[in-house]
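Peer 1: Read in order, the letters of the sequence shown are residues 3 to 287 in the working numbering.
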Amino acid sequence: MKKLLFQFDTDPHPAVFDTVVGYDGGADHVIGHCGLTPGNVGPLVDGTIFTRSPKEKKNTAIFIGGSDMLAGQELLAAVQQRFFPGFQVSVMLDSNGSNTTAAAGVAILVKNRPLAGKKAVVLAGTGPVGQRVAALLALQGAEVFLTSREIQRAKNACRAMAERFGVKTTPLETHDDTARSKAIADAQIVFAAGATGIELLQAKHWQDNPHIELMVDANAAPPAGIGGIDSMDRGSERHGKIVWGAIGFGALKLAVHRACIARLFTDCTLVFDAEEIFAVAKAMV
């Protein structure tokens with residue numbers, strides 16, 4: 003029986019990246035639907051749960067993507083509301099690749115040393131990846147600070163994480179790299195999660211910092227989000243810090259994404275969100 007992955011995207015077009023990884027994860031066919039909302043997804047969900055016998059349902063799965071994590075969360079909730087005992091399929095949420103990227107990035111940090119009690123700063127952390135990174139760091143016991151150029155955006159992001167994960171994170175307003183350098187002055191962990199092509203820190207702002215232990219830059223396109231870190235860095239030691247670039251931990255991100263897709267087809271009751279994907283990532287590091 004064919005393994006069918008239904009790609010439910012909240013954007014106008016299904017993401018090509020997610021389609022490719024869906025096939026690489028073991029799906030025989032990836033069927034994309036776009037512009038989905040809680041209001042229009044119901045009939046599609048019904049099509050996945052009413053078409054195969056209980057023993058065959060594990061061969062059908064749903065992947066929720068798109069650029070907006072909040073929209074993805076709402077779509078996941080709407081999908082699950084259509085399920086009832088004996089009529090459900092496995093589902094994975096990874097809007098903007100945020101869950102798999104955050105899971106991989108935090109998993110490599112956890113591998114190196116315990117994070118409990120460490121001060122962690124997530125630079126430009128109001129986007130999907132930054133929020134999930136901050137939440138996972140907080141769940142590991144780190145004291146997390148999230149920066150943004152606009153304090154209200156940072157506050158809104160911290161409030162959203164408190165509601166979703168029950169964690170406390172602290173918002174910080176940082177208008178420029180000088181302000182961001184002050185934000186990381188006594189941090190042990192720095193994770194850059196800004197938009198592509200924007201340098202958040204210059205090398206001079208961190209290289210001589212005696213407190214920083216671990217750094218991750220999620221920006222794969224030049225210039226780097228953190229100056230002085232190479233996108234290929236993979237646990238490299240630079241100026242006494244252990245650092246990873248986007249490509250350096252990107253291989254794990256892709257491996258985690260593929261592994262989660264493969265697991266969707268082992269059972270019809272699985273739900274992969276941040277916590278479950280993080281568990282997969284930790285086991286793979």
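We put the beta carbon where it would ideally sit given N, CA and C, even for glycine. The structure presented is a predicted model; accordingly, all values stated were derived computationally and were not measured.
Starting from L139, follow the alpha helix (DSSP H) in both directions and report where the run begins and ends.
Peer 2: Translated into the one-based positions of the sequence shown, residue 139 becomes position 137. From DSSP, the alpha helix (DSSP H) with L139 extends over 130-141.
Peer 1: Return the first residue and the last residue of the beta strand (DSSP E) that F65 is part of.
Peer 2: Numbered from 1 along the sequence shown, position 63 holds the residue referred to as residue 65. Start and end: 62-67.
Peer 1: Ignoring anything shorter than 3 residues, give me the beta strand (DSSP E) runs that lie fully in the stretch 4-75, in order along the chain.
Peer 2: Qualifying beta strand (DSSP E) stretches, in chain order: 6-11, 31-35, 62-67.
Peer 1: Figure out for me which residue from Q154, F147, H31, M163 has the closest Cα to the Cα of E277.
Peer 2: In the sequence shown, the residue the question calls residue 277 occupies position 275. Ranking the options by Cα distance to E277, first place goes to M163.
Peer 1: Go through its chain and collect everything with a Cβ distance to G196's Cβ below 7 Å, but skip five positions before and after it.
Peer 2: As a position in the sequence shown, residue 196 is number 194, starting the count at 1. L125, A126, L202, N221, G227.
Peer 1: DSSP state of V287, grouped into three classes?
Peer 2: Your numbering for residue 287 matches position 285 in the sequence shown. Three-state DSSP puts V287 in coil, outside helix and strand.
Peer 1: Rounded C-beta distance between L77 and V23? I'm assuming under 8 Å.
Peer 2: By 1-based counting over the sequence shown, the position of residue 77 is 75. By 1-based counting over the sequence shown, the position of residue 23 is 21. L77 to V23, Cβ: 19 Å. No contact.
Peer 1: Fully enclosed by the stretch 233-264, which alpha helix (DSSP H) runs are 4 residues long or longer?
Peer 2: none
Peer 1: Under 7 Å Cβ to Cβ from I153, same chain only, skipping five residues before and after it: list those, please.
Peer 2: The residue labelled residue 153 in the question sits at position 151 within the sequence shown. Hits under 7 Å: P173, E175.
Peer 1: Could you check which residue in F86, A187, I51, D30 has the C-alpha nearest to that of N211?
Peer 2: Counting from one through the sequence shown, the residue named residue 211 turns up at place 209. Nearest option by C-alpha distance: A187.
Peer 1: How would you write the range of the alpha helix (DSSP H) that T198 sits in, first residue to last?
Peer 2: Counting from 1 along the sequence shown, the entry for residue 198 is found at position 196. Careful: T198 lies outside any alpha helix (DSSP H) and carries neither H nor E.
Peer 1: What residues are listed by DSSP as bridge partners for M217?
Peer 2: For the purposes of this step, residue 217 is identified with residue 215 of the sequence shown, where counting begins at 1. In the DSSP output, where bridge partners are listed per residue, M217 has V192, V245.
Peer 1: Going by other Cβ atoms of all chains shown within 10 Å of its Cβ, with 16 needed for buried, is E165 buried or exposed?
Peer 2: Counting from one through the sequence shown, the residue named residue 165 turns up at place 163. The residue is exposed, with fewer than 16 neighbouring Cβ atoms inside 10 Å.
Peer 1: Where does the unbroken alpha helix (DSSP H) through F85 begin, and where does it stop?
Peer 2: Along the sequence shown, one-based indexing puts residue 85 at 83. Element bounds for F85: n/a, residue is neither H nor E.
Peer 1: What residue range is occupied by the uninterrupted beta strand (DSSP E) comprising F147?
Peer 2: Here the question's residue 147 lines up with position 145 in the sequence shown. From DSSP, the beta strand (DSSP E) with F147 extends over 145-150.
Peer 1: Please look up how many angstroms separate the CB atoms of L216 and L72, rounded, as I've assumed it's under 8 Å.
Peer 2: Walking along the sequence shown from the start, residue 216 turns up at place 214. Walking along the sequence shown from the start, residue 72 turns up at place 70. About 29 Å separates the two Cβ atoms, so there is no contact after all.
Peer 1: Could you pull the start and end residues of the beta strand (DSSP E) that T172 belongs to?
Peer 2: As a working mapping, residue 172 is identified with position 170 in the sequence shown. Note, T172: beta strand (DSSP E), 171-175.
Peer 1: Between S150 and K59, what straight-line distance do the alpha-carbon atoms span, to the nearest angstrom?
Peer 2: Sequence index remark: in the sequence shown, residue 150 carries index 148 (1-based). Sequence index remark: in the sequence shown, residue 59 carries index 57 (1-based). If you take the alpha carbons of S150 and K59, they lie about 44 Å apart.
Peer 1: Quick check on DSSP: helix, strand or coil for A122?
Peer 2: To locate residue 122, count along the sequence shown from 1; it is residue 120. In the structure shown, A122 sits in a strand (DSSP, three-state: E or B).
Peer 1: Determine, using beta carbons only, whether A122 and S92 come nearer to each other than 9 Å.
Peer 2: In the sequence shown, residue 122 corresponds to position 120, counting from 1. In the sequence shown, residue 92 corresponds to position 90, counting from 1. No. Outside cutoff.
Peer 1: DSSP on L2, reduced to helix/strand/coil?
Peer 2: Outside the displayed span of the chain (3 to 287) sits residue 2, for which this structure offers no information.
Peer 1: Under the assumption that L148 contacts A105 (Cβ atoms under 8 Å), give the Cβ distance between them as a whole number of angstroms.
Peer 2: Residue numbering aside, residue 148 sits at position 146 when the sequence shown is read from its first letter. Residue numbering aside, residue 105 sits at position 103 when the sequence shown is read from its first letter. Incorrect: roughly 18 Å between the Cβ atoms, too far for contact.
Peer 1: G242: which of H213, D235, F280 sits nearest, CA to CA?
Peer 2: One-based indexing of the sequence shown puts residue 242 at position 240. Closest option to G242, Cα to Cα, is H213.
Peer 1: How many angstroms separate the CA atom of P16 from the CA atom of M94?
Peer 2: For the purposes of this step, residue 16 is taken as residue 14 along the sequence shown, with counting starting at 1. For the purposes of this step, residue 94 is taken as residue 92 along the sequence shown, with counting starting at 1. If I take the Cα positions, the gap works out to 15 Å.
Peer 1: To which residues does DSSP link V273 through a beta bridge?
Peer 2: As a first step, residue 273 is located in the sequence shown; it is residue number 271 there, counting from the start. The beta-bridge partner set that DSSP reports for V273 consists of V93.
Peer 1: Provide the residue span of the alpha helix (DSSP H) that contains K157, from first to last.
Peer 2: Along the sequence shown, one-based indexing puts residue 157 at 155. Residues 153-167.
Peer 1: Let's test the definition: count the other Cβ atoms within 10 Å of the Cβ of G129 and tell me whether it reaches 16, buried, or not, exposed.
Peer 2: As a first step, residue 129 must be located in the sequence shown, where it is residue number 127. Counting every other CB atom within 10 Å of its CB across the protein chains shown gives G129 a total of 16 or more, marking it as buried.
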